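Heads up, the thing below is written out as C-alpha cells.
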Amino acid sequence: MALNRLHFIIYFFCISLLGCDNQSNPPEENDILGNTINELVSDAETYLTLSADSSVWFAQQAWHLSKDIKNDQTVKSLYVLSRALYNKGELYQALKYLIQAHDIAVKLSLQTIIPDLLNLQGNIYGSMGQYDKAVEFYLEALNLYHAFNDKQNEGKVFNNLGLVYYRMDQIEKSLDYHRKAYHIWDSLDYRQGLGSSYTNLSYVYTKWNEYDTALDYLNHALDIYRDMGNLRREANTYINFGWVYMNIGEYEKALDYFNRSLPMSQKGGFMDIYTDGLNKKGWALNKLNRQEEALQ
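The numbering of the sequence shown is this note's numbering, which starts it at 242 and goes up by one.
Here you go:
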C-alpha cells in the first residue's frame, strides 16, 4: 500500500474516533476519503483469489472508513468483505456483513448491486447445506439480472443453481443449469466463467463414472486458472483431479494431487479448500493402508 494512503487511513480513523463525520470535512478531504475507499475495495478484490487474509484486511479498512457515510461505497466494502470471509470459510461472519450491505442497498435503492448480494447469500446458504434457501436467493438474483439484461451474471446464477442441485443429488437438473451457464459464457468468451463451468461439469461426469470426460474438463479449467493467476481456483482444481482419481481407484495419483493443493490453499488462507484437501488426503491415505497418517 502506498504510504500516503496509509496516512489517510490513520487520519480518518482518528477523526472518526473524535466523533467527526465526512460532512464537516473540507471537500478535498472528502474526495481523498472517497478515492482511498475505492482503492481499498479494489485491493480487496484483487486479493480475493490470492490471499484471503489480505483481502479481508483491505475490505475491513474500506468498511471502517465508509461505515458512517452509509453510501454505495459502504455497500461495496461490506460486499467484498463478505466475499473475502466466505473464501476463508467464515460463513456466519460473511452472512452478517452481507445482510448489513443488503439493508443499506435497499434503503438507498442501489438496484444494480442487489442481485450480487442475493447471489452471494445463495452461495453462503448453499455452503451451509441450506439448499432450498440457496435456491430462493439464486432465483431472486436471476430475475433481477434478467431484468438488467446482464447475461454474464445470469450465467453465474445458472452455474450456482447447477452446483446446488448437484449437492441435492438432482444430477440431470444440475447438468441442465451447467449447460445453460456454459453456453452463455462461451458466447461471451468469459474465461473465468468457462473455468467454473468446466469444473462443475467435471463433477457431473465423475458422478456418472465418465472419468476421461471429467479429467478433460478439469484440464481445460486448470489452463484457465493458471493463465489468470487464480490461486484459489487452481488449488481447488487439484483437489478435483484427486477426487476423480480416488473414484478410479488410483490412490497414489490422488494423493499426489491433494498434496499439490494443500500448500497453495494454506498459503492463500483459503481454509475451506485447505480443510477439504486435508480430509480427502486422509481418505486417500486410508485407502493406501496408511491409517496413522490418515488420522493426522
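We treat Cβ as the ideally placed atom computed from N, Cα and C, and that holds for glycine.
These numbers come from a predicted model, not from an experiment.
Please list, in chain order, all residues of the same chain as N527 whose beta carbon is under 6 Å from its beta carbon, the five residues on each side excluded.
Closer than 6 Å at Cβ, skipping near neighbours: A535.
Indicate the three-state DSSP secondary structure (helix, strand or coil) for T353 in the structure shown.
T353 sits in coil when the DSSP states are folded into three classes, being neither helix nor strand.
Cα-Cα, which of N520, R408, N390 and S323 is closest to I480?
Comparing Cα-Cα distances from I480 to each of N520, R408, N390 and S323, the minimum goes to N520.
Pick out whichever of G370, A303, P504 and V398 has its Cα sitting closest to the Cα of D410.
Checking every option, the nearest Cα to that of D410 belongs to G370.
May I ask which residues mark the beginning and end of the alpha helix (DSSP H) holding G490?
That residue, G490, is in no alpha helix (DSSP H); it is neither H nor E in DSSP.
Whole angstroms is fine: what's the gap from L336's alpha carbon to S318's?
A direct Cα-Cα distance of roughly 14 Å separates L336 from S318.
Where the alpha helix (DSSP H) through M469 begins and ends:
Per DSSP, M469 is one residue of the alpha helix (DSSP H) stretching across Y452 to M469.
Whole-number beta carbon distance between T447 and A462, since they are thought to touch under 8 Å
About 13 Å separates the two Cβ atoms, so there is no contact after all.
Exposed or buried, V356, counting other C-beta atoms within 10 Å across all chains shown (16 or more means buried)?
It is worth fixing the name first, because residue 356 is Pro in this sequence and not Val. By the C-beta density criterion, P356 is buried, having at least 16 other C-beta atoms within 10 angstroms.
Quick one: grab the DSSP three-state call for M409.
Coil at M409, not helix or strand.
Residues near Y406 by beta carbon distance below 6 Å, same chain, minus five either side:
Within its own chain, the residues whose Cβ lies closer than 6 Å to the Cβ of Y406, once the five positions on either side in sequence are excluded, are K414 and S415, listed in chain order.
I340 by DSSP, collapsed to three states: which one?
DSSP, read as helix, strand or coil, puts I340 in helix.
Cα separation between A375 and I278?
Straight-line Cα distance between these residues: approximately 31 Å.
Contiguous alpha helix (DSSP H) assignments of at least 4 residues, all confined to the segment 266-345:
At a cut-off of 4 residues, the continuous stretches assigned as alpha helix (DSSP H) that sit fully inside the segment 266-345 are 268-287, 293-307 and 313-329.
Residues near S295 in its chain [Cβ-Cβ closer than 7 Å; skip 5 each side]
Taken in chain order, the residues that qualify are Y288.
Give the straight-line distance between the Cα atoms of S428 and N400, rounded to the nearest whole angstrom.
Near 15 Å, if we compare the C-alpha coordinates of N400 and S428.
Taking DSSP as the reference, what is the three-state secondary structure of W449?
Three-state result, W449: coil.
Proximity below 7 Å, CB of G518 to CB of S292:
Note that the C-beta distance between G518 and S292 is not below 7 Å.
Which word fits I250, buried or exposed, when buried means at least 16 other C-beta atoms lie within 10 angstroms of its C-beta?
Confidence in I250 is poor, its pLDDT being 49 and thus under 50, which makes the residue's placement unreliable; the coordinate value appears in the next sentence. Burial call: buried.
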